[in-house]
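Visitor: Can you read through this structure? Questions will come right after.
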């Protein structure tokens, strides 16, 4: 990258003698690839749709604790023989804590209490008879189809509201070009993550919605750190081009970005391995979002802000002239 010779000394001081990396050299290619992935994600979502979990489709969840190690296939076969189609049986927490999900039987929401009691008795008798006579039913919960549809709508509205509020916040905190770049980057992360879930037909439940909102928060934090450094360097480096200032800022924040993303990914991987089936979807979604958020902060948010024409003048305080400053002085 080429920087004005007069600015070389200032640049070395600001970057503590390290070499400035030319991130934006591949900005156009990376931005085009990102936008193609967004389009591909929309196509995948339209063609394959989502594998909606019980939180959105309705159904019954039963949690139980057994006193001995049991085979999950035995529980599935017992439920199928009893007339319960497509039961989902998983461990959660430990090998003796089991969760059973049964799809909705199209019951009305206002009969959920009676359904809970009747189904709880049936499941309890079935488990005691075929699996473990000392098994204990800890919880049984019914979610009706109407409630599931409302949860899906509320989840989508929560994500859209978060994006709008972030646009307003960054536009006031920084500058509208930064606000636009940040929101496009956040939407990029959410859409591609949703496309990933649709492509591999991961079960979509409320924990996935929580992961999506976490991705927005994580990516926003990374983007704000980059934007704050860009704004600071625009004020410090007076004669450098915006292209150079953004590259310097990205280089300065690279170490922090790698440390933050790396440590967060380590935690997410540990959750995925040891967190059990209940946290697999959450940790997998969050891991994909962290990688996308790190990339989009550079090649979507920062690059798009550059193309929208961000420059030093946008961050300088307006000059206020004293009253009468333009009048000729009178000598006494």
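In my numbering, the protein residues as written are 1315 to 1646.
The C-beta atom is built at its ideal place from N, Cα and C for all residues, glycine as well.
Assuming residue 1512 and residue 1358 form a contact by the criterion Cβ under 8 Å, report the distance between their Cβ atoms to the nearest whole angstrom.
Guide: Taking the chain shown and counting its residues from 1, one reaches residue 1512 at position 198. Taking the chain shown and counting its residues from 1, one reaches residue 1358 at position 44. Residue 1512 to residue 1358, Cβ: 5 Å. Contact.
Visitor: Would you say the stretch 1472-1488 touches the stretch 1519-1527, given that touching needs at least three Cβ pairs under 8 Å?
Guide: The stretch 1472-1488 is in contact with the stretch 1519-1527.
Visitor: At which residues does the beta strand (DSSP E) containing residue 1730 begin and terminate?
Guide: The requested residue 1730 is not part of the displayed model; the chain covers only 1315 to 1646.
Visitor: Express the C-alpha separation of residue 1604 and residue 1532 in angstroms, rounding to a whole number.
Guide: Taking the chain shown and counting its residues from 1, one reaches residue 1532 at position 218. Taking the chain shown and counting its residues from 1, one reaches residue 1604 at position 290. Those two C-alpha atoms are separated by around 7 Å.
Visitor: So, with DSSP's three-state summary, where would you put residue 1562?
Guide: As a working note, residue 1562 is residue 248 in the chain shown. Here residue 1562 sits in helix by DSSP.
Visitor: Pick out whichever of 1566, 1520, 1558, 1589 has its Cα sitting closest to the Cα of residue 1467.
Guide: By one-based count along the chain shown, residue 1467 stands at place 153. Closest option to residue 1467, Cα to Cα, is 1520.
Visitor: Comparing the CB of residue 1617 with every heavy atom of the ligand COA, is any distance shorter than 7 Å?
Guide: With respect to small molecules bound, the structure shown includes none, and the ligand COA cannot be examined in it.
Visitor: Between the C-alpha atoms of residue 1399 and residue 1391, what's the straight-line distance to the nearest angstrom?
Guide: Here residue 1399 refers to the residue found at position 85 when the chain shown is read from its first residue. Here residue 1391 refers to the residue found at position 77 when the chain shown is read from its first residue. If I take the Cα positions, the gap works out to 10 Å.
Visitor: To which residues of the same chain is residue 1448 closer than 6 Å at the C-beta, ignoring the five residues directly before and after it?
Guide: Stepping through the chain shown from its first residue, residue 1448 is reached at position 134. Excluding residues within five positions, the ones whose Cβ falls inside 6 Å are 1381.
Visitor: How big is the Cα-Cα spacing for residue 1393 and residue 1386?
Guide: In the chain shown, residue 1393 corresponds to position 79, counting from 1. In the chain shown, residue 1386 corresponds to position 72, counting from 1. About 11 Å.
Visitor: Rounded to the nearest angstrom, how far is the Cβ of residue 1495 from that of residue 1614, given a contact under 8 Å?
Guide: The residue given as residue 1495 occupies position 181 in the chain shown. The residue given as residue 1614 occupies position 300 in the chain shown. Contact holds; Cβ gap of about 7 Å.
Visitor: Between the C-alpha atoms of residue 1377 and residue 1484, what's the straight-line distance to the nearest angstrom?
Guide: On the chain shown, position 63 is the one that residue 1377 refers to. On the chain shown, position 170 is the one that residue 1484 refers to. Computed Cα separation, rounded: 44 Å.
Visitor: Out of 1499, 1389, 1486, point me to the one whose CA is closest to residue 1403's CA.
Guide: Against the chain shown, residue 1403 aligns to sequence position 89. Nearest of 1499, 1389, 1486 to residue 1403, Cα basis: 1389.
Visitor: Using the three-state DSSP reduction, which class does residue 1552 fall into: helix, strand or coil?
Guide: Along the chain shown, read from residue 1 onward, the residue named residue 1552 stands at position 238. Looking at residue 1552 - three-state DSSP - the assignment turns out to be coil, as it is neither helix nor strand.
Visitor: Does the distance from the C-beta atom of residue 1578 to that of residue 1522 stay below 8 Å?
Guide: In the chain shown, counting from the first residue as 1, residue 1578 sits at position 264. In the chain shown, counting from the first residue as 1, residue 1522 sits at position 208. Result no, Cβ atoms of residue 1578 and residue 1522 do not sit closer than 8 Å.
Visitor: Alpha carbon to alpha carbon, how far is residue 1602 from residue 1626? Give it in angstroms, no decimals.
Guide: Along the chain shown, read from residue 1 onward, the residue named residue 1626 stands at position 312. Along the chain shown, read from residue 1 onward, the residue named residue 1602 stands at position 288. Taking the straight line from one Cα to the other gives about 34 Å.
Visitor: Quick one: grab the DSSP three-state call for residue 1422.
Guide: As a working note, residue 1422 is residue 108 in the chain shown. Interpretation of residue 1422 is limited by its pLDDT of 46, a score under 50 that renders its predicted location unreliable; the figure taken from the coordinates is listed afterwards. Reduced to three states, the DSSP call for residue 1422 is coil.
Visitor: Taking residue 1387 as part of the alpha helix (DSSP H), name the residues at either end of that continuous run.
Guide: In the chain shown, the residue the question calls residue 1387 occupies position 73. Taken as a continuous stretch (DSSP letters only), the alpha helix (DSSP H) holding residue 1387 covers 1386-1395.
Visitor: Just tell me which of 1367, 1444, 1505, 1438 has its CA closest to the CA of residue 1355.
Guide: As a first step, residue 1355 is located in the chain shown; it is residue number 41 there, counting from the start. Ranking 1367, 1444, 1505, 1438 by Cα distance to residue 1355 puts 1505 first.
Visitor: In whole angstroms, what is the alpha-carbon distance linking residue 1582 and residue 1441?
Guide: For the purposes of this step, residue 1582 is taken as residue 268 along the chain shown, with counting starting at 1. For the purposes of this step, residue 1441 is taken as residue 127 along the chain shown, with counting starting at 1. Roughly 34 Å separates the two Cα atoms.
Visitor: Go ahead and pull the three-state DSSP assignment for residue 1410.
Guide: The residue you call residue 1410 lines up with position 96 of the chain shown. Strand.
Visitor: Given a threshold of 16 other Cβ atoms within 10 Å of its Cβ, counted over all protein chains shown, does residue 1406 qualify as buried or as exposed?
Guide: Position 92 of the chain shown, counted from the start, is the residue given in the question as residue 1406. It counts as exposed.
Visitor: To the nearest angstrom, how far is the alpha carbon of residue 1608 from that of residue 1538?
Guide: Numbered from its first residue, the chain shown carries residue 1608 at position 294. Numbered from its first residue, the chain shown carries residue 1538 at position 224. Roughly 12 Å separates the two Cα atoms.
Visitor: Tell me whether residue 1541 sits in a helix, a strand or coil according to DSSP, three-state version.
Guide: In the chain shown, counting from the first residue as 1, residue 1541 sits at position 227. Helix.
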